[in-house]
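Chains as they are written, first to last, in numbering that gives the first Met the number 0: chain A, 0 to 498; chain B, 0 to 498. Backbone N, C-alpha and C define an ideal beta-carbon position, used for all residues, glycine too. Reading through the structure tokens given below for one structure.
Number of protein chains: 2
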Amino acid sequence: MLDNTRLRNPQLFDKIVTPEEAAALITDGMNVGVSGFTPSGYPKKTTIALAKAIKEGKRCRINIWSGASVGPEIEEELAAVGAIKGRMPYYAASNKSMKKGINEGKIEYVDQHLSHFGQQVDYGFFGDVDVAIIEATAITAEGNIILGPGVGNAPIFVKHAKKIIIEVNTSIPLNLEGMHDIYIPAIPPNRTEIPIYHAGDRIGKPYVECGIDRIDCIVESDILDHVRDLTAPDAASIKIAENLVEFLEYEQKMGRLPEKMLPLQSGVGSIANAVLLGLAKSRFENLEMYSEILQDSVFRLIKLGKIAKASGCAFTPSPSVWEMYKEDPDLYRKSIVLRPLDISNHPEVIRRLGVIAMNTPLEFDIYGQANSTHVMGCTMMNGIGGSGDYMRNGFLTIFSTPSTAKCGSISSVVPMVTHADHTEHDTMVFITEQGVADIRGLSPVKRAKAIINNCAHPDFRPQLLEYLRFAQQKNAHMPIDLAHCFDMQKKFYETGTML
Amino acid sequence: MLDNTRLRNPQLFDKIVTPEEAAALITDGMNVGVSGFTPSGYPKKTTIALAKAIKEGKRCRINIWSGASVGPEIEEELAAVGAIKGRMPYYAASNKSMKKGINEGKIEYVDQHLSHFGQQVDYGFFGDVDVAIIEATAITAEGNIILGPGVGNAPIFVKHAKKIIIEVNTSIPLNLEGMHDIYIPAIPPNRTEIPIYHAGDRIGKPYVECGIDRIDCIVESDILDHVRDLTAPDAASIKIAENLVEFLEYEQKMGRLPEKMLPLQSGVGSIANAVLLGLAKSRFENLEMYSEILQDSVFRLIKLGKIAKASGCAFTPSPSVWEMYKEDPDLYRKSIVLRPLDISNHPEVIRRLGVIAMNTPLEFDIYGQANSTHVMGCTMMNGIGGSGDYMRNGFLTIFSTPSTAKCGSISSVVPMVTHADHTEHDTMVFITEQGVADIRGLSPVKRAKAIINNCAHPDFRPQLLEYLRFAQQKNAHMPIDLAHCFDMQKKFYETGTML
Numbered sequence: 000m001l002d003n004t005r006l007r008n009p010q011l012f013d014k015i016v017t018p019e020e021a022a023a024l025i026t027d028g029m030n031v032g033v034s035g036f037t038p039s040g041y042p043k044k045t046t047i048a049l050a051k052a053i054k055e056g057k058r059c060r061i062n063i064w065s066g067a068s069v070g071p072e073i074e075e076e077l078a079a080v081g082a083i084k085g086r087m088p089y090y091a092a093s094n095k096s097m098k099k100g101i102n103e104g105k106i107e108y109v110d111q112h113l114s115h116f117g118q119q120v121d122y123g124f125f126g127d128v129d130v131a132i133i134e135a136t137a138i139t140a141e142g143n144i145i146l147g148p149g150v151g152n153a154p155i156f157v158k159h160a161k162k163i164i165i166e167v168n169t170s171i172p173l174n175l176e177g178m179h180d181i182y183i184p185a186i187p188p189n190r191t192e193i194p195i196y197h198a199g200d201r202i203g204k205p206y207v208e209c210g211i212d213r214i215d216c217i218v219e220s221d222i223l224d225h226v227r228d229l230t231a232p233d234a235a236s237i238k239i240a241e242n243l244v245e246f247l248e249y250e251q252k253m254g255r256l257p258e259k260m261l262p263l264q265s266g267v268g269s270i271a272n273a274v275l276l277g278l279a280k281s282r283f284e285n286l287e288m289y290s291e292i293l294q295d296s297v298f299r300l301i302k303l304g305k306i307a308k309a310s311g312c313a314f315t316p317s318p319s320v321w322e323m324y325k326e327d328p329d330l331y332r333k334s335i336v337l338r339p340l341d342i343s344n345h346p347e348v349i350r351r352l353g354v355i356a357m358n359t360p361l362e363f364d365i366y367g368q369a370n371s372t373h374v375m376g377c378t379m380m381n382g383i384g385g386s387g388d389y390m391r392n393g394f395l396t397i398f399s400t401p402s403t404a405k406c407g408s409i410s411s412v413v414p415m416v417t418h419a420d421h422t423e424h425d426t427m428v429f430i431t432e433q434g435v436a437d438i439r440g441l442s443p444v445k446r447a448k449a450i451i452n453n454c455a456h457p458d459f460r461p462q463l464l465e466y467l468r469f470a471q472q473k474n475a476h477m478p479i480d481l482a483h484c485f486d487m488q489k490k491f492y493e494t495g496t497m498l
Numbered sequence: 000m001l002d003n004t005r006l007r008n009p010q011l012f013d014k015i016v017t018p019e020e021a022a023a024l025i026t027d028g029m030n031v032g033v034s035g036f037t038p039s040g041y042p043k044k045t046t047i048a049l050a051k052a053i054k055e056g057k058r059c060r061i062n063i064w065s066g067a068s069v070g071p072e073i074e075e076e077l078a079a080v081g082a083i084k085g086r087m088p089y090y091a092a093s094n095k096s097m098k099k100g101i102n103e104g105k106i107e108y109v110d111q112h113l114s115h116f117g118q119q120v121d122y123g124f125f126g127d128v129d130v131a132i133i134e135a136t137a138i139t140a141e142g143n144i145i146l147g148p149g150v151g152n153a154p155i156f157v158k159h160a161k162k163i164i165i166e167v168n169t170s171i172p173l174n175l176e177g178m179h180d181i182y183i184p185a186i187p188p189n190r191t192e193i194p195i196y197h198a199g200d201r202i203g204k205p206y207v208e209c210g211i212d213r214i215d216c217i218v219e220s221d222i223l224d225h226v227r228d229l230t231a232p233d234a235a236s237i238k239i240a241e242n243l244v245e246f247l248e249y250e251q252k253m254g255r256l257p258e259k260m261l262p263l264q265s266g267v268g269s270i271a272n273a274v275l276l277g278l279a280k281s282r283f284e285n286l287e288m289y290s291e292i293l294q295d296s297v298f299r300l301i302k303l304g305k306i307a308k309a310s311g312c313a314f315t316p317s318p319s320v321w322e323m324y325k326e327d328p329d330l331y332r333k334s335i336v337l338r339p340l341d342i343s344n345h346p347e348v349i350r351r352l353g354v355i356a357m358n359t360p361l362e363f364d365i366y367g368q369a370n371s372t373h374v375m376g377c378t379m380m381n382g383i384g385g386s387g388d389y390m391r392n393g394f395l396t397i398f399s400t401p402s403t404a405k406c407g408s409i410s411s412v413v414p415m416v417t418h419a420d421h422t423e424h425d426t427m428v429f430i431t432e433q434g435v436a437d438i439r440g441l442s443p444v445k446r447a448k449a450i451i452n453n454c455a456h457p458d459f460r461p462q463l464l465e466y467l468r469f470a471q472q473k474n475a476h477m478p479i480d481l482a483h484c485f486d487m488q489k490k491f492y493e494t495g496t497m498l
């Protein structure tokens, strides 16, 4: 029940409406910006009501803009009724109707660097933000918005929105207040520096500035975010994590990393989780994260005292970790800073702090290009997300993945990626359970040998070496055979295995 | 003749040696860092002497590190005698022996983002800088180095070099003094902001800090930089420039660009030159450049009063423009700032200032990927240079090129690039003499239609549309046919034409 701890001005109570009334504000062709990032901090009630209205005959196809993929109340409910015309800037394969719509070409999806999208909305490149739907913990007496666990692009959407719907979610603990640090850079030519010098620095306000008059309506919500528990790391992930920790220790020993470890960024998913848990067992102390999304392992490492500061644009505790949070909210509140997406992923800050970036590709090739997004070059799996922001700008950048997929039938190392998300200029180190290929300063042929011999699975090394030998028949800086570079992927497509 | 206007401390005269004596400091296996950027401000005498010594029997293969490609006294002389083992971070096809060595795999070349290389040398990723050879205008009483017209990575090389050779070139006008702004960012975790807020801001010193004791020897030089006059713009370049100016005016009208034009970056070569000359005829006034290399057209626009401030890491006036400079050096000195390469190309500054970036690709594809470097995916033409730095971080980014090459036998638009230097996430606008494709916010199939219909040459549109139609038979987010995506390039390879 909404009370004055959640709505801190009596005028706000007059704005409470039903989800159906809120959904009625959304009409055909609109650009709709939603708060949240991954299944965290996104609105739920209004979009469920909109999907219901469409099922009952309302004609409405809209463009959904967000921080990243959000939860099924948007991705699934709206996609299933054909309500989504366009989608930016990220999508994840876990939402089946969205996946189907995008890959059948029915939903116009534009995959973007997450640090770019918010600023380009701010520049007006994509047109108006007709409606913003923002999930909130509470609204202040001045009408400013205290967000939930996911910030994403909410501040930019609120800045520009013609209409604002706020879902105040009573299931979010009120003690999240103070975790957010909301800062919107000025538009050039008036932009100045982003004054973050350490991962934990605060530079903005604990709320999104809005004002009571700009709020069109308020919807009460109590639906929990749909975060699932991560699976426990498997043998390959544990070995990858060991290889990674060993590599970082070696870099420190060689004087190429400072004694106090630089801030870490870690991607999403089970490999990333295993890597962080691997760091928990390392000799590194007082770690800092300057990352995008903070998953369960970050909370566990804060509790263990391994992580001192963690900056992200959202956190996604699974139900069990929410319980852990509730036992000692002050510990997490003083350790965690939640920022807008274009600040968490800002090239300026990532390069200044010297972030060590760790992400997982779908496949990478012998010359060091990485594919993070497209299966067989054409089917969108997951968007590029923030990986480009961190891998281009990090101090030291590491792509890690098991050397094979689908029970050993797919090699993660191929002669040429079918889609280049990270070019040969943007990658430094590849790690699989087989080993480490550090390609910094290596010319293409040396890179190829390092990647094949250190990272590829032994089952696939002969055909990769054979391709390289064949391509090298023509002398070239980067020996490529355009007639055979996709043979492994074509073989998989025809036979179901690259072997 | 070196006098006390060039060597401002008597001790410096004791360090004068012959080029042969200087070259003797360079031994097999060394990493040698040289000043300069394109044929501007690079050392000449020592490397000529080294090449001669090698011809006479000295055994010496070295790694050459620079800002970009430099002049023939290094690229040609040393490559021709097999003296170059490795080369970073840039190379240009104009130097034949270097091109041959790289593309026969005899010279280990590593192509890099120019904003990355200097900082990675600073981080120690590539090992020691054994020798730095720096071309200078003069040396101060304290032993600090006043550089010539090309800065490149000279400051980082001097910072780390175990031995320092300075070539003081008496052909460089002394009145270049004061143009340089030398600033080296601290290494993380101690790095702060790069405090540049306008293209013309000065944040460093007018010289490279060195000290008399660290200078091993001084060589007198009077060899001029090898800058050629640019050819006059042809009809296609003039039409491209018109399309570009019209596009920028439209963006301003739509409110997506501020009234005062944002700082411009322009790549190297005849298209870039034509574009700048096109801007000279536009209604834009008080232009600023935040660019890499400043070519003839910048000087002409400064003289016309069209450009108020120009920042770069080098300038390359042709002989006739040097004469223009000498008529009014104060005008150019107050308008031009010369910075280290990792500052001229710094993502932080490019994004903050909101640079409008304009570069020329070799080919680009229907989904918006661009190839700046490799012919047929394997032969290195020119390095990526700074194009990745500017195109990833610019406010608005434009790739422009004629729609065909080699008398119409090659289409600049292809189904898939053979080498992706700029991914689909990094490109916004393509311009040819045919028209403009603005792909911001467009999903892949819409992008393909815009690029084919607006940018491709009519001779090639049918086969590009046919490929798209064929690929679309399989529903997909990004319809690609791996068996046919390189057909146009393969046809050229086999028949000498894509038609």
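Practice item. Determine which residues share a DSSP beta bridge with Gly311 (chain A) and list them. Key: In the DSSP output, where bridge partners are listed per residue, Gly311 (chain A) has A:Leu337.
Review point. To which residues of the same chain is Glu258 (chain A) closer than 8 Å at the C-beta, ignoring the five residues directly before and after it?
Key: Gln251
**Study point:** Asp364 (chain B) - DSSP class collapsed to helix/strand/coil
**Key:** strand
Practice item. Indicate whether Asn344 (chain A) and Ala91 (chain A) have their beta-carbon atoms separated by less than 8 Å. Key: no
Check your understanding: With 16 as the cutoff for other CB atoms within 10 Å, does Phe298 (chain B) come out buried or exposed?
Key -> buried
Exercise for review: Determine the direct distance from the alpha carbon of Tyr492 (chain B) to that of Ile183 (chain A), and round the result to whole angstroms.
Suggested key: 51 Å
Review point. Which class does Phe116 (chain B) belong to by DSSP, given the choice of helix, strand or coil?
Key: helix
Practice item. Please name the residue in B:Lys204, B:Ile83, B:Met375 and B:Ser386 whose C-alpha comes closest to that of Lys181 (chain B). Key: Looking at the sequence itself, residue 181 (chain B) is Ile, so the reference to Lys does not match. Closest by alpha carbon: B:Lys204.
Review point. Is the beta carbon of Cys454 (chain A) sitting closer than 8 Å to the one on Ser402 (chain A)?
Key: yes
**Study point:** Segments assigned beta strand (DSSP E), at least 3 residues, entirely inside the stretch 109-188 of chain B
**Key:** 130-138, 144-146 and 162-168
Check your understanding: Do Gly393 (chain B) and Val354 (chain B) come within 8 Å of each other at the CB atom, strictly closer than that value?
Key -> Annotated as proximal: Val354 (chain B) and Gly393 (chain B), with beta-carbon spacing under 8 Å.
**Study point:** For Ala82 (chain B) and Gly151 (chain B), believed in contact at Cβ under 8 Å, the rounded distance
**Key:** At roughly 20 Å, the Cβ-Cβ gap does not stay under 8 Å, so Gly151 (chain B) and Ala82 (chain B) are not in contact.
Exercise for review: Establish whether the CB of Gln111 (chain A) and some CB of chain B are separated by less than 8 Å.
Suggested key: yes
Review point. For a contact meaning CB atoms closer than 9 Å, what does Arg190 (chain A) contact in chain B?
Key: Tyr196, Arg350, Arg351, Leu352 and Gly353
Practice item. Specify, as a first and last residue, the run of the alpha helix (DSSP H) that Tyr206 (chain A) falls within. Key: That residue, Tyr206 (chain A), is in no alpha helix (DSSP H); it is neither H nor E in DSSP.
Review point. When you compare only the Cα positions, how much space is there between Ile25 (chain A) and Ile144 (chain A)?
Key: 21 Å
Review point. Closer than 8 Å, CB to CB, is Thr422 (chain A) near chain B or not?
Key: Yes, contact with chain B.
Check your understanding: Thinking C-alpha only, which one of A:Gln264, A:Asp228, A:Ala482 and A:Leu6 is nearest Met375 (chain B)?
Key -> A:Ala482
Exercise for review: Drop a sphere of 10 angstroms on the beta-carbon of Met87 (chain B), count the other beta-carbons inside from all chains shown, and report buried for 16 or more, exposed for fewer.
Suggested key: Under this definition Met87 (chain B) is a buried residue.
Review point. Would you call Gly189 (chain B) buried or exposed, if buried means 16 or more other Cβ atoms sit within 10 Å of its Cβ?
Key: Residue identity check: residue 189 (chain B) is Asn in the sequence provided, not Gly. That one is exposed.
Point to revise | Test: Leu441 (chain B) CB closer than 8 Å to a CB of chain A | key: yes
Check your understanding: To which residues of the same chain is Ala279 (chain A) closer than 8 Å at the C-beta, ignoring the five residues directly before and after it?
Key -> Ser296, Arg299, Leu300, Leu303 and Lys305
Check your understanding: With distances taken between CB atoms, is the gap from Gln264 (chain B) to Ala356 (chain B) smaller than 8 Å?
Key -> Yes, the pair counts as a contact, with Cβ atoms nearer than the cut-off.
**Study point:** Completely contained beta strand (DSSP E) runs for the stretch 354-426 of chain A, where each covers 3 or more residues
**Key:** 355-358, 362-364 and 395-399
Review point. Hey, quick one: how far does the beta strand (DSSP E) through Ser96 (chain B) stretch, first residue to last?
Key: Unbroken run through Ser96 (chain B) is the alpha helix (DSSP H), Lys95 to Asn102; no beta strand (DSSP E).
Practice item. Pick out whichever of A:Gly407, A:Gly266 and A:Pro443 has its Cα sitting closest to the Cα of Ala235 (chain A). Key: A:Gly407
Exercise for review: Helix, strand or coil for Cys454 (chain B), going by three-state DSSP, please let me know.
Suggested key: helix
Point to revise | Secondary structure, beta strand (DSSP E): runs of 3+ residues fully inside the stretch 27-54 of chain B | key: 30-33
Review point. Between Lys84 (chain B) and Lys448 (chain A), what straight-line distance do the alpha-carbon atoms span, to the nearest angstrom?
Key: 18 Å
Practice item. Return the bridge partner residues of Cys216 (chain A) from the DSSP annotation. Key: A:Ile164
Check your understanding: Thinking C-alpha only, which one of A:Gly104, A:Ile15 and A:Asp425 is nearest Glu219 (chain A)?
Key -> Ranking A:Gly104, A:Ile15 and A:Asp425 by Cα distance to Glu219 (chain A) puts A:Ile15 first.
Check your understanding: Is Ala79 (chain B) buried or exposed, if buried means 16 or more other CB atoms sit within 10 Å of its CB?
Key -> buried
Practice item. Report the rounded CA-to-CA distance for Glu141 (chain B) versus His159 (chain B), giving the unit in angstroms. Key: When rounded, the distance between both Cα atoms is 18 Å.
Point to revise | For Leu6 (chain B), the three-state DSSP class (helix, strand or coil) | key: strand
Review point. Quick one: does His483 (chain B) have its CB under 8 Å from some CB of chain A?
Key: no
Check your understanding: Does the beta-carbon distance from Ile132 (chain A) to Glu76 (chain A) come in below 8 Å?
Key -> no
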